[in-house]
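Undergrad:
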Amino acid sequence: MQKAKNIALTVEGMNCTNCALGIKKNLDKNGFQDVYVNFSANEVSFSYETAEEKENAIKQISAMGYKVTEDNEELEPKKPKLSAIEKKFYFTIIFTIPLLTAMFLPFEILHNPFFQLALTLPVFIVGLFHFGKSAFHSVKSGIPNMDVLIILGSTAAFIYSFIGTIYSLGHDYQFYETTASIISLILLGNLLEHKAIKKTTSAIEDLVKLQKIIAKKIVINADGKEIIIETEAKKIKINDILLINSGDKIPIDGIIIWGNGSIDESMISGESLPIEKDIENTVIGGTVLSSGSIKIKATAVGNETVLAKIIDFVKNVNQDKPQIQNLADKISAIFVPVVILISFLTFSVSWGIFNLTFQEALMRSIAILVIACPCALGLAIPTAVVVGVGRVSKIGILIKGASTIQKLLNVKFIVFDKTGTLTTGNFKIKEIKCFDKDETEVKSIIVGLEKHSSHPIASSILHEMKNISEKEFTSVTENKGIGILGKDSFGNIYEIGSYKIAKDFTNETNGNAYLLENNKLIAIVYLQDEIKPEAKKAIEFFKSQGVKTILLSGDNEEKCNDLSNILGINDVYFEKQPLEKLQIISELKKHGEIAMVGDGINDAPALAKADIAISLSNATDIAIQSSQIILLKGNLELLSKAYLISKNTMIIIKQNLFWAFFYNIIAIPLAATGMLNPMIAAASMALSDVFVVLNSLRLQYKKLD
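This is the structure we're talking about:
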């Protein structure tokens, strides 16, 4: 049996989550495995074994009316000048404007029903194809969405007007501008939302990019000498020997067979400080050798590396993550059946009880469907989102779409990573413990030695001691991965480094730097994470909103508990690996919706599992591009402003939806009794649109304190 492969296809033409659901059901029904449809990224992925299976899947999707292209990582995709939604909107608005101007311009040609029919037909066809697929699949699934309302309203208006034109029934039966304006304005709403949501590449693709590292492979030539060959990480095999120099990214998982060094594993483990590694210690692909030089033997490659497993987990978690239903779709699910029922009852009562002619009864029932589709419905959410998102983008907050705003207000837990999120990533001196030596003199010795090191700990210590006079040394030597050795003019030898140099003199392992004088311990330096000044205020804000705060970190117990006590965080989880973080988020989700603030690959599976992923500007690309909220200035105080703008935006959205439907509720009885005046109906729709836009603009002036 052939090994199953996974493929990602770009699928154009998905207009809503029901389109995505329809594709998934179709592929599932035809026996495809691991089907995942990412509506927001226009991506469909699945597993297949043969080329015939892949082609069959493409045919299945194409048969549903979607355009399919296979992703090719070797080629840079050409960006179209105009998106599909832009082309459709600009096309329809050209025909719609003359129809709308007929409402107040006296030109005879504009009022000619056949001229209006000619203008409306192209718009109607575009609307039928654009909204029809989604409407069909939503009805098929038993949950009619907003697109059903659009199709019903625009089709009813077109048929109503067409019958009036064919039978010369007069201007009271001309609703062509209603058909065109419904479609054009809803497309405008879609376009506004499309512009408001910043498109990003797939989070999984960004993780995969991290694997594209050039490795330095050591091979033995014909003369028995070691030579270095550069090769792609994906070509490395088990037991291959690789050379890693200071600053290099480690390409695969392995074990050190020569040398030592400090490795920054924060992207995987969350440990804030580089970890000292020696012979027989393991290393993880994707981490960085901060200092030192090592040779490693590959122990895991391809899909077996830690990084590859994280990619799989992110993919699986995303597949299980449900799409939130649009608020307008929820209302439409109730409104559509009610309107259809009223339309049917109107026809039955008019024809069966009031003895109207079949044509009169039919026209009344169609008139209800005409008036039932408010153009303002398509603007109600996008205009509020555009104004709200635009407002906070000016102060450094990016919010991706209306669903994020809706979900943020339902959050019961907010989970924070530690390093780089609640802390700056820099370190402050917590304590210097001196033994038989004056602290001022100790600091002078430390500065004199550490200025010769590029180690992150040395940088932090020097920053803290920038006003300290340094001790002069006649010679200084750096032992990579161990420490710095210095000799003064009196022949005294000083050494500063990790616990390795002091293990014979103390059992105190929690220090970050140890100082020896003539092979005797004279000081231990303890560092602590520098806490962001606004972190405490952010924690207090969410607690005041009834949201439980949680610290979830890969760092050690002492550091996490210290930080939690200072900031007043409710719960703490420490020393957690990426998949353990995922398990904790999964467990917490049983008790309510979760927002998570993270900054690295170690957070990727947990971020994917959370209902809302939030990242800061100093986060890794994967954290940023898989997030729904991005704080561009890296300032946690912006979190509270994001929450407040979400609250205000949802209030405006609900008001907009109310007014979008309000005139329908008044007008439907008029349509049912045959008193529908086209001019009044058109004016009501226009006023409803204006109100929605003006109401949304109020978000510009809402306080965010």
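Everything in the sequence shown is counted per our numbering, starting at 1071 for the first residue and increasing by one. We put the CB at the ideal spot given by N, CA and C, even for glycine.
If you run the structure through DSSP and keep just helix, strand and coil, what is Asp1334?
TA: Strand.
Undergrad: Report yes if the C-beta distance between Ala1442 and Gly1202 is below 8 Å; otherwise report no.
TA: It is not a contact, given that the beta carbons lie outside the stated cut-off.
Undergrad: How would you label Phe1560, buried or exposed, when you count the other beta carbons within 10 angstroms and need 16 or more for buried?
TA: Exposed is the call here.
Undergrad: What residues are listed by DSSP as bridge partners for Thr1493?
TA: Ile1601, per the DSSP bridge assignment.
Undergrad: Just the Cα atoms here: how many angstroms apart are Asn1626 and Leu1702?
TA: Computed Cα separation, rounded: 28 Å.
Undergrad: Going by DSSP, name the residue or residues bridged to Asp1217.
TA: For Asp1217, which the question treats as bridged, DSSP gives no partner whatsoever.
Undergrad: For the candidate residues Ala1188, Leu1191, Gly1317, Thr1225, whose alpha-carbon lies nearest to that of Ala1205?
TA: Measuring from the Cα of Ala1205, the nearest candidate turns out to be Thr1225.
Undergrad: Ignore the nearest five residues each way along the sequence and tell me which others in Cys1630's own chain have a CB closer than 7 Å to its CB.
TA: Around Cys1630: Lys1488, Leu1621, Ser1623, Val1642, Phe1644.
Undergrad: Helix or strand or just coil, what does DSSP make of Asp1632?
TA: Three-state DSSP puts Asp1632 in a helix.
Undergrad: Inspect the CB distances between the region 1322–1336 and the region 1349–1358 and report whether three or more fall short of 8 Å.
TA: A contact exists between the region 1322–1336 and the region 1349–1358.
Undergrad: Under the rule that 16 or more other beta-carbon atoms within 10 Å means buried, what is Lys1513, buried or exposed?
TA: The residue in question, Lys1513, is buried, as its Cβ has 16 or more Cβ neighbours within 10 Å.
Undergrad: Does the separation of the CB atoms of Ile1592 and Leu1586 fall below 8 Å?
TA: Cβ distance < 8 Å, so Ile1592 and Leu1586 count as in contact.
Undergrad: Any idea what DSSP makes of Lys1137, helix, strand or coil?
TA: Residue state, collapsed to three classes: strand.
Undergrad: Helix, strand or coil, according to DSSP, for Ser1211 in the structure here?
TA: Three-state DSSP puts Ser1211 in coil, outside helix and strand.
Undergrad: Buried or exposed for Gly1804, going by 16 or more other Cβ atoms inside 10 Å?
TA: In the structure displayed, the chain extends from 1071 to 1775; residue 1804 sits before or after that span and is not available.
Undergrad: Considering only the alpha carbon of each residue, which of Leu1257, Ile1253, Ile1314 lies closest to Ile1283?
TA: Ranking the options by Cα distance to Ile1283, first place goes to Ile1314.
Undergrad: So which of Ser1758, Thr1579, Phe1232, Asn1726 has the shortest CA-CA distance to Arg1768?
TA: The shortest C-alpha separation from Arg1768 is found at Asn1726.
Undergrad: Enumerate, from N- to C-terminal direction, the unbroken alpha helix (DSSP H) stretches of 4 or more residues contained entirely within the region 1499–1527.
TA: Taking only runs of at least 4 residues, the alpha helix (DSSP H) segments lying wholly in the region 1499–1527 are 1509–1520.
Undergrad: Val1193 to His1200, Cα distance in whole Å?
TA: C-alpha separation (whole angstroms): 10 Å.
Undergrad: Label Pro1147 either buried or exposed according to how many other C-beta atoms from any shown protein chain fall within 10 Å of its C-beta, with 16 as the threshold for buried.
TA: Any answer about Pro1147 is weak, because its pLDDT of 42 lies below 50 and its placement is not dependable; what the coordinates show is given next. Its Cβ having fewer than 16 others within 10 Å, Pro1147 is exposed.
Undergrad: Kindly indicate which three-state DSSP category Asn1549 falls into: helix, strand or coil?
TA: In this structure, Asn1549 counts as strand in the three-state DSSP scheme.
Undergrad: From the DSSP output, in three-state form, read off Tyr1596 for me.
TA: Three-state result, Tyr1596: strand.
Undergrad: Identify the continuous beta strand (DSSP E) that holds Ala1583 and give its terminal residues.
TA: Start and end: 1583–1587.
Undergrad: Hey, how far is the Cα of Val1456 from the Cα of Asp1681?
TA: Roughly 22 Å separates the two Cα atoms.
Undergrad: Leaving aside the five residues before and after Asn1588 along the sequence, list all residues of the same chain whose C-beta is less than 7 Å from its C-beta, in chain order.
TA: Correct list, in chain order: Asn1562, Ile1563.
Undergrad: Pop quiz: Ala1250 and Thr1171 are said to be a contact at Cβ under 8 Å. What is the actual Cβ separation, rounded to whole angstroms?
TA: Wrong, their Cβ atoms sit about 12 Å apart, outside the cutoff.
Undergrad: Between the C-alpha atoms of Lys1269 and Thr1544, what's the straight-line distance to the nearest angstrom?
TA: With a pLDDT of 38 at Lys1269, under the threshold of 50, the modelled position of that residue is not reliable, and the figure given next carries that caveat. Computed Cα separation, rounded: 58 Å.
Undergrad: Do you know how far the Cα of Val1517 is from the Cα of Ala1368?
TA: Approximately 39 Å between the Cα atoms of the pair.
Undergrad: Quick one: Cα of Ala1583 to Cα of Ile1566, how far?
TA: Whole-angstrom Cα-Cα distance: 7 Å.
Undergrad: Along the chain, where does the beta strand (DSSP E) containing Glu1300 start, and where does it finish?
TA: Glu1300 -> beta strand (DSSP E) spans 1296–1302.
Undergrad: Could you check which residue in Gly1135, Thr1139, Met1666, Gly1553 has the C-alpha nearest to that of Glu1125?
TA: Looking at the Cα atoms, Thr1139 is the closest of the given residues.
Undergrad: Given a threshold of 16 other Cβ atoms within 10 Å of its Cβ, counted over all protein chains shown, does Lys1679 qualify as buried or as exposed?
TA: With 16 or more Cβ atoms within 10 Å of its Cβ, Lys1679 is classed as buried.
Undergrad: Which one or two residues does DSSP pair with Val1107 in a beta bridge?
TA: Its beta-bridge partners are Val1114.
Undergrad: Below 8 Å between beta carbons: does that hold for Lys1507 and Leu1597?
TA: No, Cβ-Cβ distance for Lys1507 and Leu1597 is not below 8 Å.
Undergrad: What did DSSP end up calling Asp1242 once you bin it into helix, strand or coil?
TA: Three-state result, Asp1242: helix.
Undergrad: Nearest to Gly1466 by alpha carbon, out of Ile1715, Leu1479, Lys1573, Lys1319?
TA: That would be Ile1715, whose Cα lies nearest to the Cα of Gly1466.
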